[in-house]
Amino acid sequence: MDCKQVEELIDAHALGALDPAEKAEVETHLSECGDCRVQYEQSRIVAEQLALSVQLHSAPEGLFHRTMADIYRDLAEEQRSAQPIRWYTPQRLLERVTPIGAAAAAVLAVVALGLGMRLDDRVDRLDSDENPQMVQGGAPIQEQQLANLAFASEDLLSRSLGDAAGDPTVDQPGDQPAERPDQQPSAPEGEGSVGAIYAWSQQWGVGVLLVTGLAIGHQYLACFELEEGGASPGGVLIGQGNFVSQKAFKIITSTPVVAVGLTTNATCDEGGDPSDTWLHYWSLTD
Amino acid sequence: MPSGNGWTFDQIYGGPRLLAFAVMLLDYSTAADDELMAGLEARDITAFETLYKRYRDLVFSTCLRVLGDAQLAEDMTQEIYVRIWKRPAAFDPARGKFVTWLLSVSRNRAVDEIRSRGRRRKHELGNVVDVEDRPSGKEREDPLFNAVLSDERTAIIEALSTLPVEQRQAIEMAYFKGLTQQEIATTLKQPLGTIKTRIRLGMQKLKVFMQARENRATRPADGL
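Protein chains in written order, with this note's numbering: chain A, 11 to 296; chain B, 2 to 225.
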């Protein structure tokens, strides 16, 4: 084909309206002729705009959940075969969102190690059949999304909450477990040494609770004890074993909070002292 | 379940800082498409969700326009987004905007589908009109969607409205139904040469219109 013949077919080619034989000839010519390629590009750009002219219809809401279920399944599959883990260590999580200074990442790693978050053996954890169940539909996915969004600016402050007060973890064989208040729920099976960091940003109006040692796959309700009395729920954390469970909180009021904790009860305010009724309780005013 | 609470920072954290992190927050809602695609390559689920929500209606609508079947359009939309998640590197920013690439992928995939299903004969003129007569969804409330796409949608819709009906019809049958010029000629019972001319003239008019609009948009205001 010569340029004149191709010129007459360029627009149809941009629309995908050529039969296979014509299409092949046009493409051969375009690969050899710069001038015709320029013309084709102009037609292609306009053709691509046509899709913008469609009348808009709302995609069904259920489509979102079905799509995300596929995505999470794919991600879980990637992580089963990938090394090291990309999601639930605080360092990798922060690196994934945006580049952070090496110093900041190092600080975070030190803190994580100090709380007993075992980062080094995450490869072993990946290979085992006990991988955290990160792929779930519905509410747990929403909580996960909130957790991923909980990052603050340079003004991010944080506080190591250390081991939870009243944690029933037994330190050595033969040790007697500490007396547990009757109202306090039992720790789920598989729970280890629980530690936490609480970080917040006044500028961004967000706080995030990072907890390690929670029983894999178990749901914990995050709770806040209010200065004025009573307790307020803050959402659900899913236990990730030695990896970090996290929950983000949007700061929307000025109600003082004196403690944060976790419970496996259905509500935060079961009556009585939260330090007795919650499974894990961390004072924020000590 | 409520997801927020509040406290007075000064009252609780009046003590010295224990740790400080230099972390930057990625504001997903205002992140550009290219940034979000970079997030996809880093396997950032939230970046994917943001892109999904930003363009899902447009992708769905494009698929619906081509396929003429809501269930097929749903399935196709899901397939397209999963493909993007699995192969984000398929998008080359050097070739143009993400949204135009996304819609091209959507349109091409949907056209492949109808071709493979052999449904071309069903897409007579009447069906095209039926799809367009469905109740429309509202424009997305995503500020970035509106800021970026509102003008472009307006431009192409306006450009198409200036075409003679038969030229617009030929172009839309080619683009949205994946018909070849010969198939369009057969469907409309017109000579092949006539269809070729309609497509060529129509596309020329569109190109001139879009270029003139772009020139007006970049030209300094009169009187300055």
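For glycine and all other residues, C-beta sits at the position ideal for the given N, C-alpha and C.
Going by beta carbon distance, what residues of the same chain come within less than 7 Å of residue i, once the five residues before and after it are set aside?
{"i": "I158 (chain B)", "result": "none"}
{"i": "F92 (chain B)", "result": "M38, F99 and W102"}
{"i": "R214 (chain B)", "result": "A156"}
{"i": "V54 (chain A)", "result": "Val is not the amino acid found at residue 54 (chain A); the sequence shown has Arg there. The residues are A24."}
{"i": "D177 (chain A)", "result": "For D177 (chain A), the predicted structure reports a pLDDT of 40, less than 50, and the residue's modelled location is therefore unreliable. A value from the coordinates is still provided. So the qualifying residues of the chain are V204 and H290."}
{"i": "A171 (chain B)", "result": "I185, I196, R199, I200 and G203"}
{"i": "V106 (chain B)", "result": "I81"}
{"i": "L19 (chain A)", "result": "L28, E32 and V36"}
{"i": "A241 (chain A)", "result": "C233, F234, E235, C278, D279 and P284"}
{"i": "F49 (chain B)", "result": "L41 and W86"}
{"i": "A71 (chain B)", "result": "L65"}
{"i": "Y53 (chain B)", "result": "Y82"}
{"i": "E88 (chain A)", "result": "none"}
{"i": "F210 (chain B)", "result": "A160 and T163"}
{"i": "R47 (chain A)", "result": "L40"}
{"i": "A90 (chain B)", "result": "E42"}
Residue i and residue j look like a contact to me (Cβ under 8 Å); what is the Cβ gap, rounded to whole Å?
{"i": "V112 (chain B)", "j": "G251 (chain A)", "result": "Actually they are not in contact, since the Cβ atoms of V112 (chain B) and G251 (chain A) sit about 47 Å apart, beyond 8 Å."}
{"i": "D58 (chain B)", "j": "S68 (chain A)", "result": "6 Å"}
{"i": "V270 (chain A)", "j": "Y208 (chain A)", "result": "6 Å"}
{"i": "A225 (chain A)", "j": "G200 (chain A)", "result": "4 Å"}
{"i": "Y29 (chain B)", "j": "L60 (chain A)", "result": "Y29 (chain B) to L60 (chain A), Cβ: 29 Å. No contact."}
{"i": "Q52 (chain A)", "j": "K208 (chain B)", "result": "6 Å"}
{"i": "A33 (chain B)", "j": "T51 (chain B)", "result": "Contact flag wrong, Cβ pair sits at about 11 Å."}
{"i": "V67 (chain B)", "j": "R108 (chain B)", "result": "6 Å"}
{"i": "G227 (chain A)", "j": "I248 (chain A)", "result": "7 Å"}
DSSP puts residue i in a beta bridge; with which residues?
{"i": "Q256 (chain A)", "result": "A:L220"}
{"i": "I248 (chain A)", "result": "A:Q229"}
{"i": "Y29 (chain B)", "result": "DSSP output for Y29 (chain B) lists no bridge partner at all."}
{"i": "A241 (chain A)", "result": "A:E235"}
{"i": "T287 (chain A)", "result": "In the DSSP output, where bridge partners are listed per residue, T287 (chain A) has none listed."}
{"i": "Y293 (chain A)", "result": "With the sequence shown as reference, residue 293 (chain A) is identified as Ser, and Tyr is not the correct amino acid for it. Looking at the DSSP assignment, S293 (chain A) forms a beta bridge with A:A269."}
Within the same chain, show all residues whose beta-carbon is closer than 8 Å to that of residue i, passing over the 5 residues directly before and after it, in chain order.
{"i": "P94 (chain B)", "result": "D35 and M38"}
{"i": "C43 (chain A)", "result": "C13 and V16"}
{"i": "T195 (chain B)", "result": "A186"}
{"i": "K206 (chain B)", "result": "A160, T163, L164 and Q168"}
{"i": "L220 (chain A)", "result": "P100, A206, I207, Y208, A209, V254, S255 and Q256"}
{"i": "R96 (chain B)", "result": "W102"}
{"i": "F61 (chain B)", "result": "A74, E75 and T78"}
{"i": "G148 (chain A)", "result": "Caution applies to G148 (chain A), whose pLDDT of 26 falls short of 50 and renders its modelled position unreliable; the value that the coordinates give is listed next. Excluding sequence neighbours, G148 (chain A) sits near H75."}
{"i": "R116 (chain B)", "result": "G179"}
{"i": "E237 (chain A)", "result": "T265, P266, V267 and V268"}
{"i": "V56 (chain A)", "result": "A24"}
Which same chain residues, not among the five before or five after residue i, have their C-beta less than 6 Å away from its C-beta?
{"i": "L104 (chain B)", "result": "T63"}
{"i": "N216 (chain B)", "result": "none"}
{"i": "N275 (chain A)", "result": "P195"}
{"i": "G202 (chain A)", "result": "G223"}
{"i": "T38 (chain A)", "result": "none"}
{"i": "N158 (chain A)", "result": "Residue placement at N158 (chain A) cannot be trusted, given a pLDDT of 44 that sits under 50; the coordinates are not used to answer."}
{"i": "D131 (chain B)", "result": "In this prediction, D131 (chain B) has a pLDDT of 35, which is less than 50 and means its spatial position is unreliable; nothing more can be read from the coordinates."}
{"i": "M11 (chain A)", "result": "E35 and H39"}
{"i": "V117 (chain A)", "result": "Note that V117 (chain A) has pLDDT 43, beneath the 50 cutoff, so the model's placement of it is unreliable and no number is given."}
Please indicate yes or no: does the CB of residue i lie closer than 8 Å to some heavy atom of the ligand HEM?
{"i": "M174 (chain B)", "result": "Looking for the ligand HEM in the displayed structure turns up nothing, as the structure carries no ligands at all."}
Members of the stretch 51–64 of chain B near chain A, C-beta cut-off 8 Å: Per Cβ criterion, the list reads Y53, K54, R57, D58, L59, V60, F61, S62 and T63.
Of all the residues that make up the stretch 48–77 of chain A, which are near chain B by a beta-carbon distance shorter than 8 Å? Against chain B - using a Cβ distance shorter than 8 Å - the residues of the stretch 48–77 of chain A are Q52, S53, I55, V56, A57, E58, Q59, L60, A61, L62, S63, V64, Q65, L66, H67, S68, A69, P70, L73, F74, R76 and T77.
Identify every run of the alpha helix (DSSP H) within the stretch 146–225 of chain B, keeping only runs that are complete inside it and at least 4 residues long; order them along the chain. Segments of the alpha helix (DSSP H) lying fully in the stretch 146–225 of chain B: 166–178, 182–189 and 193–219.
The stretch 171–192 of chain B: positions lying closer than 8 Å to chain A by Cβ: Against chain A - using a Cβ distance shorter than 8 Å - the residues of the stretch 171–192 of chain B are I172, E173, A175, Y176, F177, G179, L180, T181, Q182, Q183 and I185.
Taking any Cβ of chain B, which residues in the stretch 278–292 of chain A have a Cβ under 7 Å from it, in chain order? Taking 7 Å as the Cβ-Cβ cut-off against chain B, none of the residues of the stretch 278–292 of chain A qualify.
Taking only runs of the alpha helix (DSSP H) that begin and end inside the stretch 18–61 of chain A, which ones reach a length of at least 4 residues, in chain order? Segments of the alpha helix (DSSP H) lying fully in the stretch 18–61 of chain A: 30–42 and 44–59.
Beta carbons nearer than 7 Å to chain A: which residues of the stretch 154–169 of chain B have them? For the stretch 154–169 of chain B, which is checked against every Cβ of chain A, the residues closer than 7 Å are R154, I157, I158 and L161.
Relative to chain A, which residues along the stretch 79–100 of chain B have a C-beta separation below 7 Å, given in chain order? Those residues of the stretch 79–100 of chain B that come within reach of chain A (Cβ to Cβ, closer than 7 Å) are Q79, Y82, V83, W86 and K87.
Short-range partners of chain A found in the stretch 64–75 of chain B, where Cβ spacing is below 7 Å: If the cut-off is 7 Å between Cβ atoms, the stretch 64–75 of chain B has L65, R66 and E75 near chain A.
At 4 residues or longer, and completely inside the stretch 29–59 of chain B: list those alpha helix (DSSP H) runs for me, N to C. Whole alpha helix (DSSP H) segments, 4+ residues: 34–42.
Residues from the stretch 225–240 of chain A in contact with chain B, defined by Cβ distance under 7 Å: For chain B, the residues of the stretch 225–240 of chain A that bring a beta carbon within less than 7 Å of one of its beta carbons are F234, in chain order.
Any C-beta of chain A within less than 7 Å: which residues of the stretch 201–221 of chain B qualify? Taking a C-beta cut-off of 7 Å against chain A, the contacting residues of the stretch 201–221 of chain B are R201, M204, L207, K208 and M211, listed in chain order.
Under 8 Å, CB to CB, which of the residues in the stretch 103–121 of chain B have a partner in chain A? Along the stretch 103–121 of chain B, going in chain order, the ones with a CB nearer than 8 Å to a CB of chain A are L104, S105, S107, R108, N109 and V112.
Contact list for the stretch 248–260 of chain A against chain B, Cβ threshold 9 Å: If the cut-off is 9 Å between Cβ atoms, the stretch 248–260 of chain A has K257, A258, F259 and K260 near chain B.
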